[in-house]
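The sequence shown begins at 1 in the UniProt record's numbering and counts up one residue at a time.
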Amino acid sequence: MQDAVFDDPHGHDPNCIFCNIIAGNAPCRELYRDDTLIAFLDIAPVQPGHTLIVPLRHHVDMFTMSDEEMAAVARFARYMAPVVKLVTDADGLGVHQLNGAAAGQTVFHYHMHLIPAFEGKPPKIHGREPAPAEELDAMVEALRRGM
Ligand code: 5GP
Ligand code: ZN
1 MQDAVFDDPH GHDPNCIFCN IIAGNAPCRE LYRDDTLIAF LDIAPVQPGH TLIVPLRHHV
61 DMFTMSDEEM AAVARFARYM APVVKLVTDA DGLGVHQLNG AAAGQTVFHY HMHLIPAFEG
121 KPPKIHGREP APAEELDAMV EALRRGM
């Protein structure tokens, strides 16, 4: 059976990790999903609570995103950012979105980062190591409770 996402003119990219997460072929710690987007925890968080907001359609970057998809991502970010900040007790929250390798993008399926920020810790966009599974499990539960 064909999934609606696969019918998309932008196509599902079988080599794309986020398309595989969306299709249920790869695991993620999901926070939210609707007809347009999915949100899940970053596997290698800069800080605990690092969240990604991802359109269901495979857009490499922002340049092919529709106004509606951009608006949906922005709307959900506006909802989720205070939850992440509150649950992680962060001093601030970085909203980052990279387009192209030159900008530091490493996964070529559009996504927006929500990254808790703390006084005295230099802001970063990328973590290095995958976080321990128990830490991610506890965080996804805490964020779900906060939503
Ligand atoms: P970019 O550099 O493209 O802006 O960010 C890509 C992000 O995706 C990185 O923060 C990276 O840790 C995250 N990431 C890469 N692979 C996976 C994965 O398989 N699952 C999850 N949840 N995050 C991933
Ligand atoms: Zn993709």
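All C-beta atoms, glycine included, are put in the ideal place defined by N, C-alpha and C. Source: prediction; values computed, not measured.
Between the CA atoms of residue j and residue i - distance to the nearest angstrom
i           : j      : result
Asp13       : Arg57  : 10 Å
Ile38       : Ala101 : 23 Å
Val87       : Arg128 : 22 Å
Met70       : Lys124 : 23 Å
residue 150 : Pro132 : A query on residue 150 cannot be resolved here, the shown segment of the chain reaching from 1 to 147 and no further.
Asp34       : Asn20  : 16 Å
Pro45       : Pro27  : 16 Å
Glu134      : Glu68  : 36 Å
Arg75       : Ala23  : 23 Å
Val107      : Val60  : 8 Å
Leu93       : Cys16  : 27 Å
Residue i burial status per 10 Å Cβ neighbour count (16 or more: buried)
i      : result
Tyr110 : buried
Arg29  : buried
Met147 : exposed
Ala138 : exposed
Nonlocal neighbours in the same chain, by C-beta distance under 6 Å from residue i, ignoring five residues either side
i      : result
His50  : Asp42, Ile115
Gly104 : Leu98
Leu136 : Arg29, Leu41
Anticipated Cβ contact below 8 Å, residue i with residue j, distance rounded
i      : j     : result
Met62  : Gln97 : 7 Å
Phe40  : Leu31 : 6 Å
Ala81  : Val95 : 7 Å
Pro55  : Val73 : 7 Å
His126 : Leu52 : Rounded, the Cβ-Cβ distance is 12 Å, inconsistent with contact.
Cβ-based neighbour list, residue i, same chain, cut-off 8 Å, excluding 5 preceding and 5 following
i     : result
Ile91 : Residue 91 is actually Asp in this sequence, not Ile. Taken in chain order, the residues that qualify are Ala117, Phe118, Glu119.
Val83 : Leu143, Gly146, Met147
Ala77 : Ile53, Val95, Met112, Leu114
Neighbourhood of residue i by C-beta distance below 7 Å, restricted to the same chain and skipping five residues each side
i      : result
Thr36  : Pro55, Leu56, Glu69, Ala72
Pro130 : Ile43, Ala44
**OP:** Any chance you could list the residues with Cβ under 5 Å from a heavy atom of ligand 2, keeping chain order?
**Re:** Every residue with a CB closer than 5 Å to a heavy atom of ligand 2 is listed here in chain order: Asp13, Cys16, Phe18, Cys19, His58, His109.
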